[in-house]
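Chains as they are written, first to last, in the numbering used here: chain A, 16 to 197; chain B, 16 to 197.
Even glycine gets a Cβ: it sits at the ideal position worked out from N, Cα and C.
Because the structure is a prediction, the values reported are computed rather than measured.
Everything below concerns the one structure shown next.
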């Protein structure tokens, strides 16, 4: 996992940062006593897609850390200036060279330990041959349920979401869910 | 609105920051060529509650900028280490000294211009007298629909969410919605 470096200096003026509770606040922040800047740290959103074509699901084998070489659905950190849905579609393009339509928000997972929020959409591949190996992937493949590499799925949130999707698909009754995971 | 200061210096080593596209990336980032640190900027989540008691809705008059003096529902930036739901409940406590239960995610709004995602829950006040004026509020009050101060509502996202809630309440049929707003 990528090491997160400590915050030592002020982004605005370059002075040393202190840990202190600002006036009117109730928790410690990274503060600059030279210029008054406060560097808030907040959870980040990971947007992703569960791209399907008929009975098949598109998975990507990760070419990056963390969990290099494991299988996942296309997902990644949301960028400024985009909607969650646009982020999910962009990640699907970047990792699987696939265009998706009919995005429906399906699963939110709070991963509080990592300060992350997963927001995963069900989506339809535009073209069953329209996918490929993006720069962050080693392989990209459409899987039948029976061939899903359960032992090599990247993250618990992805495992849970795939399981729930396959379970709900049996009755064609998809429900939105919000949950937390450690 | 609070001015966002530019990022001039590296948080890790204090060297000057450059704007450049990192290897393997496809967009400009704030990079430090001295230590290699990259300061990613991502959207922030604003978690909030629509606290109700019977037919009444709890609103807070803002004691802070932006939109000082306007009415809103309790909401604010999610903190690291909490779930979205915990963030929404915490904000309701901080702004309205109210405890809420039965939180149900009701509305997500992408506000791409501000790099914000609103995540708003329907919730029930635990006690119809159990609220008060938190430090970021000037007044906190339970409103009947007929008395809602529509001209003085703080933000478009709050206005839309209140309208949709009141509309759906007529049929007691609440639906989750995800939308975008400029």
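Would residue i be called buried (16 or more neighbouring beta carbons within 10 Å of its own) or exposed?
i: residue 77 of chain A; result: buried
i: residue 122 of chain A; result: buried
i: residue 81 of chain A; result: exposed
i: residue 90 of chain B; result: buried
i: residue 116 of chain B; result: exposed
i: residue 33 of chain B; result: exposed
i: residue 42 of chain B; result: exposed
i: residue 53 of chain B; result: exposed
i: residue 36 of chain A; result: exposed
i: residue 16 of chain B; result: Residue confidence for residue 16 of chain B is low, a pLDDT of 45 falling below 50, so the modelled location carries little weight and cannot support an answer.
Could you have a look at residue i and say whether DSSP puts it in helix, strand or coil?
i: residue 93 of chain A; result: coil
i: residue 120 of chain B; result: strand
i: residue 185 of chain A; result: helix
i: residue 172 of chain A; result: helix
i: residue 16 of chain B; result: Confidence at residue 16 of chain B is low in this model, with a pLDDT of 45, below 50, so the placement of that residue is unreliable and no value is reported for it.
i: residue 125 of chain B; result: strand
i: residue 113 of chain A; result: coil
i: residue 44 of chain A; result: strand
Considering only C-alpha positions, which residue in the set the options is nearest to residue i?
i: residue 172 of chain A; options: A:125, A:58, A:152, A:99; result: A:125
i: residue 196 of chain A; options: A:187, A:175, A:189, A:188; result: A:175
i: residue 166 of chain B; options: B:69, B:87, B:108, B:68; result: B:87
i: residue 191 of chain A; options: A:164, A:170, A:169, A:118; result: A:118
i: residue 108 of chain B; options: B:168, B:163, B:151; result: B:151
i: residue 170 of chain A; options: A:133, A:98, A:114; result: A:133
i: residue 138 of chain A; options: A:36, A:59, A:67, A:131; result: A:67
i: residue 79 of chain A; options: B:131, B:59, B:40, B:168; result: B:40
i: residue 114 of chain A; options: A:131, A:98, A:99, A:147; result: A:147
i: residue 131 of chain A; options: B:189, B:98, B:187, B:177; result: B:98
So residue i contacts chain C; which residues on that side make the cut at Cβ distance below 7 Å?
i: residue 93 of chain A; result: The structure shown has no chain C; the protein chains it does contain are A and B.
Since I believe residue j is in contact with residue i (beta carbons under 8 Å), could you give me their beta-carbon distance rounded to a whole number of angstroms?
i: residue 84 of chain B; j: residue 112 of chain B; result: Not quite, the Cβ-Cβ distance comes to about 19 Å (not below 8 Å), so this is no contact.
i: residue 193 of chain B; j: residue 135 of chain A; result: Going by Cβ atoms, the distance from residue 193 of chain B to residue 135 of chain A rounds to 13 Å, so no, they are not a contact pair.
i: residue 110 of chain B; j: residue 75 of chain B; result: 5 Å
i: residue 129 of chain A; j: residue 57 of chain B; result: At roughly 14 Å, the Cβ-Cβ gap does not stay under 8 Å, so residue 129 of chain A and residue 57 of chain B are not in contact.
i: residue 70 of chain B; j: residue 160 of chain B; result: 7 Å
i: residue 72 of chain B; j: residue 158 of chain B; result: 5 Å
i: residue 127 of chain A; j: residue 29 of chain B; result: Between residue 29 of chain B and residue 127 of chain A the Cβ distance is about 31 Å, and since that is not below 8 Å, they are no contact.
Is there contact here, the segment 22-31 of chain A with the segment 42-49 of chain A, by at least three beta-carbon pairs under 8 Å?
-> They touch, by the three-pair rule.
Determine, using beta-carbon pairs with one atom in the segment 142-154 of chain A and one in the segment 173-182 of chain A, whether at least three such pairs fall under 8 Å.
-> These segments do not touch.
Is it a yes or a no for the segment 53-73 of chain B touching the segment 100-112 of chain B, going by three-plus beta-carbon pairs under 8 Å?
-> The segment 53-73 of chain B makes contact with the segment 100-112 of chain B; the number of CB pairs closer than 8 Å reaches 3 or more.
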